[in-house]
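Participant:
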Amino acid sequence: MSRNCRYAAIFALIKKLTTGVSMTNLEKLQTMLLHWKEHNVEHAGTYEGWSEIMSKEGHTELSQVMQTIAAESLRVNELFDKALGLLKERL
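Laid out in structure tokens, this is it:
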């Protein structure tokens, strides 16, 4: 994933804030939620990678905990989606 794609939401917010384009707090929150959700997926991938490393080194319990952390991180995205759905109704 390219940097521009990865951080598109945050760059859009910065551009609007620096060009004098007015955004409501709902619009700002929508932009940030999109960014946080995308960033959260990246973190989950990192946790899964560390789970694999720990598994290969024989640290089974630690590997399982890292897998749980990854899964829970992705579960948080369901809440991001819920918040985005609520915002969509208001925008």
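Using the working numbering, read the sequence shown as starting at 2 and increasing by one per residue.
Glycine included, C-beta positions come from ideal geometry on N, C-alpha and C.
Treat the numbers as computed from the prediction; the structure is a model and nothing was measured.
Using 8 Å as the cut-off, can you tell me whether the region 68–77 makes contact with the region 43–56, which would need three or more C-beta pairs spanning the two stretches below that distance?
Facilitator: A contact exists between the region 68–77 and the region 43–56.
Participant: Which of helix, strand or coil does DSSP assign to G86?
Facilitator: Helix.
Participant: State buried or exposed for M2, treating a residue as buried only when at least 16 other CB atoms are found within 10 Å of its CB.
Facilitator: Here the model assigns M2 a pLDDT of 47, short of 50, so the residue's position is not dependable, and the following value carries that caveat. M2 should be labelled exposed.
Participant: Among A9, K83 and G86, which one has its Cα closest to the Cα of E39?
Facilitator: Comparing Cα positions, the closest option is A9.
Participant: Are L75 and L34 close, meaning C-beta to C-beta below 9 Å?
Facilitator: It is not a contact, given that the beta carbons lie outside the stated cut-off.
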